[in-house]
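A.B. asks: Under the working numbering, residue 493 is the last one in the sequence shown; the count climbs by one each step, no gaps.
The C-beta atom is built at its ideal place from N, Cα and C for all residues, glycine as well.
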Amino acid sequence: MAWVVDTNLVIDVAVNDPAFGSRSSTCLQTHRPDGLVIAPITYAELAPVFAGNRSAQEAFLASLSIAWQSVLTWNDVQEAWAACHRCVAAKRSGRGRMPPRRVADMFVGAFALRQQGLLTRNPGDFLPHFPRLPIHVP
């Protein structure tokens, strides 16, 4: 099983972010032997970073050994559905906050449940809704 790479880590490396680029790159290198994959939603979220150039994006992902052809399963959709419900219920009851990219994060988290875990800089957007998801922060 591979580690799911959250969008923020890919962007950090792609733009050589001064605050996070090096740490994110090291994280990816460390976990590369286990395999790296992105969720389908991350593939779409990366389009602006590569100015809509699919070939450039795929070449960049390949250079990092990140697989991008994975698909969502019906179980992933059901997990994301349940996580969205938990997220909104917690917010309405005053026990939680709404992640800025709620639906995208719920799909990334659900996708990561059937992988080894998630590599992300924002674990707080995932842990309350996916408590059994292994997360590694660079």
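List the residues that DSSP assigns as beta-bridge partners of alanine 422.
C.D. replies: Numbered from its first residue, the sequence shown carries residue 422 at position 67. DSSP, once it has assigned bridges, lists Val392 as partnering alanine 422.
A.B. asks: Quick check: what's the CA-CA separation for asparagine 363 versus lysine 446?
C.D. replies: Taking the first residue of the sequence shown as 1, we reach residue 363 at position 8. Taking the first residue of the sequence shown as 1, we reach residue 446 at position 91. Taking the straight line from one Cα to the other gives about 24 Å.
A.B. asks: Please name the residue or residues paired with isoleucine 490 in a DSSP beta bridge.
C.D. replies: Locating residue 490 in the sequence shown gives position 135, counting from the first residue. Bridge partners of isoleucine 490: Leu473.
A.B. asks: Pop quiz: valine 360 and proline 395 are said to be a contact at Cβ under 8 Å. What is the actual Cβ separation, rounded to whole angstroms?
C.D. replies: Along the sequence shown, read from residue 1 onward, the residue named residue 360 stands at position 5. Along the sequence shown, read from residue 1 onward, the residue named residue 395 stands at position 40. The Cβ separation is near 13 Å, so there is no contact.
A.B. asks: Between the region 374 to 385 and the region 410 to 418, can you find at least three pairs of beta-carbon atoms closer than 8 Å?
C.D. replies: At 8 Å Cβ cutoff, the stretches do not touch.
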